[in-house]
Structures are given as C-alpha cells and as structure tokens.
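Shown next, in structure tokens, is the structure this report addresses.
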Amino acid sequence: SEAEIKQQLADGKLQSDAFVCRVGSEDWMRLSELPEFGNPKPANGPPHTPPPPPDTPPAPKPSWNPLAITWLGLLFTPMWTGIMAAINIKRLGLSLPLWRPLAIGIGSMVAAILAAIADWTFGTVIDTLIFTVAPLIAIWSLDLEPQMAAHRARHQPTQDHWIGPVLAGSPLALLTIVGWWMTLFAPLEPLEVVKRFEQADTAGEAREYVTSNLFSMVDELKELEKLDPSLSSDEDGEIEHLSDYPADGDDQQYFVEYRAYFPAQSGEPAVRGEGYYHLRQMEGEWKIDDWVVTSVDGQEPESGPISFSVIVSEMLKEAKQNAANQQKPKPSWSLTKLWDRIPTNLKRLLAFAAVMAALGAFQAVSKNSN
C-alpha cells in the first residue's frame, strides 16, 4: 500500500530511485517520478535557496621590492622609479603622498631636457649626478625606504613579477643605453669638440681636442700664465656659436663660427669679436686644426683673419722680454691668466681678450711702418 511504501522510504529500506510498476500497468518508472512519492513542493512562493557564503576580504595587491626599484632607476631613469614608487605606495596601503615621487621623477626628466636645450651641461659625470643619482637618492629616502617594512611583511605570492614594469620602462632604458654608448664610444660632433675645448680645465685636456698644429699654442698659453701668476680676472665673458658647416667639397674639414663678448675691466673697454674654428677629421675623430679671429668690434684686421696661434707666439716673446727686464707684463695680454679658471667660461675668455690687444698692436706697427 501507499502507506507501507512511504514508511519503507522513511526507514531507508527503499530508495526513491527504485523502479516500480502500478497495478494494471506495464510501464516501469522510478518511485520518485510518481506524484504521491516525489519531493514535496512548497504550496506558495519560490523554491528555497540557501544564503550566500560570507564575503571574503580581497587578496592584497602585489608589490615590488623598493630597493630593486631604486637600483633599476639607474637604467630606467628616475621618472620610471618615481612612477613605480607611487604605484607601490598605493598597493601597500601606505599614507605617503603619491605626488612626491612623481614630482621628483618627472621633474628630473624635464630638468634634464631643459638643460640640454639651453646647453647648461657640466660634463657627463656631473650631469649624471645631478639629473639621475640625486633624484634617485631623494625618492629612496622619502618614499621607497619607508616601504621596505610593509613589503617584507607580505608573503612571496604578493610580490609581483617584473615583466610588466620592465616592458613599460624599456623605451626609457633604451634611451639611457644609447646615450651612454654615444657618450663613451661614439665620436664627438665638431660643435661638441669645440665646446669641450673651450671648457677644458688644463692644457693636457685641451690637447685632446686639437691637432698637433695647436699643441704649441696650448703650451705657450700655459707658459704665459706662469710668467705672471698674480694676474687674474673675475669677469666672465660670453661666447655664442653661430653656425657650423662642412667645407665645400671636402667632408674631412669643418667650420664652427662664433661671436664673443668681454665686459670692460682693468681700464679696458668692452670687446666684441668674431671668428671661426677650423676642424679636421683625423682617424675618425674631429680635431681643431686652427683658431681664427676675423673681426674685432665689427672691423676686420688690416692684415686679414689672424690665427690665434701666431698671436700667442708674439705675446710670449713680449712676456719673456718683460720678465727679463723685471717689468710687469702689460695689461694687453694679462687676460691669458684665464686659461685655468673654473670650467664653463675658461679658455674662451683668455683667447679673445688676448687677441684684441694683439690685433691692436699689429695694426699700430703696420701704420707706423707705412
């Protein structure tokens, strides 16, 4: 009977998937398919569903090693380091300001670009210290070093992989590598040779950028300074490179034109002069072969353009004669002391100041002979 079957289901003696056949029927079906023995359905409302499981807290976002970010900044630039530092601050949930590493990193890149445009460079080593090392030290001290404790507290799975950051910073790294390669291995362009010659600190350094034609001039300039070491000047002049171009029909020669200004000092009036550097390519490198003055205060010398090497020889003769007579050298060549001044406005000041006086002496001798 129906009651007995239900009792057997309740006692577990009979399973709901057992096949049964109604009396007077030939169709077999599972017991659970019969309405009187199937699962009861609620009379009203939708079927009951269990409550959702409790919300689990989100997994902590991955972070990167702050010390590695700092060292990689030498290759990927401080701008990359600043961006990575800001991302790490947010992922570690720290209260450090996000704007600070971004400002230092991006600001260093902008400053380096502006300095290059304005030609405010101080040499490869000093530029690297100013625009790369100093910003990295600042970002590490202010933003990355405080992240170390929180980063170490994370388990290994939360320390993110480097593939993404490395790919994102690869263009900057490529620029850094190319820049260092050009600095260390690529030959200098003619204009860069002239600039480094003008900024040379010593005669030995200046000789690296000239041919043997100007070796004696460089040495004579040093000798002039030794004859009267008491002479010096704190006035700075200005020099502007007007244009640079190869010689007609000869790609082994090059010219760099310049204009210079020297303020009045020691009773001498201000002086303006123009001229050019003549460079030759020797063994794949550009060297200055001559240093020529073409005009003084807008007037060309009566004898035409004059090589500074010729003028230095005459000045040295006069200096030796004055020294032999125990006379103080004339102010006309006293500015030669400028050859070993601090970098940037060094040798260029000496050259023109000496040239101006020498040209005047030459012109006076020429007039007297006529």
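For what it's worth, the numbering used here labels the leading residue of the sequence shown as 508, then goes sequentially.
Ideal placement from N, C-alpha and C gives every residue a C-beta, glycine not left out.
Is it buried or exposed, residue i, if we count other Cβ atoms within 10 angstroms and call 16 or more buried?
i, result
"T709", "exposed"
"F526", "exposed"
"K854", "For K854, the predicted structure reports a pLDDT of 46, less than 50, and the residue's modelled location is therefore unreliable. The matter cannot be settled from this model."
"P604", "exposed"
"M536", "exposed"
"A645", "buried"
"D758", "exposed"
"G531", "exposed"
"L456", "With the chain covering only 508 through 877, there is no way to say anything about residue 456."
"R598", "buried"
"K668", "Note on identity: in this sequence residue 668 is His, with Lys being the wrong assignment. Counting Cβ neighbours within 10 Å, H668 comes out exposed, since fewer than 16 surround it."
"L845", "In this prediction, L845 has a pLDDT of 36, which is less than 50 and means its spatial position is unreliable; what the coordinates show is noted afterwards. Per the 10 Å Cβ criterion, buried."
"L674", "exposed"
"E745", "exposed"
"S816", "buried"
Going by DSSP, what residue range makes up the beta strand (DSSP E) through residue i?
i, result
"V763", "D757 to F769"
"S723", "That residue, S723, is in no beta strand (DSSP E); its alpha helix (DSSP H) goes F722 to L734."
"R787", "V778 to M789"
"L749", "E745 to A754"
"V817", "No beta strand (DSSP E) holds V817; the alpha helix (DSSP H) holding it covers F815 to A831."
"V799", "E792 to V803"
"F526", "F526 to C528"
"R661", "Note, R661: premise wrong, no beta strand (DSSP E); not H, not E."
"W669", "Here W669 belongs to no beta strand (DSSP E), and DSSP marks it neither H nor E."
"W647", "Taken as a continuous stretch (DSSP letters only), W647 belongs to no beta strand (DSSP E), as it is neither H nor E."
Assuming contact is defined by CB atoms lying nearer than 7 Å, are residue i and residue j in contact in what I supplied?
i, j, result
"L823", "E727", "yes"
"P697", "E792", "no"
"D796", "N720", "yes"
"Q654", "N595", "yes"
"V819", "M689", "no"
"A826", "L681", "no"
"G589", "P569", "no"
"T577", "L651", "yes"
"P808", "V799", "no"
"A619", "F638", "yes"
"Q760", "A754", "yes"
"Y784", "V701", "yes"
Which residues bound the alpha helix (DSSP H) around residue i?
i, result
"T455", "Within the shown structure, residues of the chain are numbered from 508 to 877, placing residue 455 beyond reach of any answer."
"D634", "T631 to T635"
"V617", "W606 to I624"
"E712", "A710 to R714"
Just to check, is the beta-carbon of residue i closer than 6 Å to a non-hydrogen atom of the ligand GTP?
i, result
"G600", "The ligand GTP is absent from the structure shown, which contains no ligands of any kind."
- Is it true that the stretch 779-788 meets the stretch 797-816, where meeting means three or more beta-carbon pairs spaced less than 8 Å apart? yes
- Query: Between the stretch 574-588 and the stretch 609-623, do three or more beta carbon pairs fall short of 8 Å?
  - Reply: In this structure the stretch 574-588 lies against the stretch 609-623, because at least three pairs of beta carbons, one per stretch, are closer than 8 Å.
- Message: Quick check for students: name the residue ranges of the alpha helix (DSSP H) that lie wholly in the stretch 675-708, counting only runs of 4 or more.
- Response: 697-705
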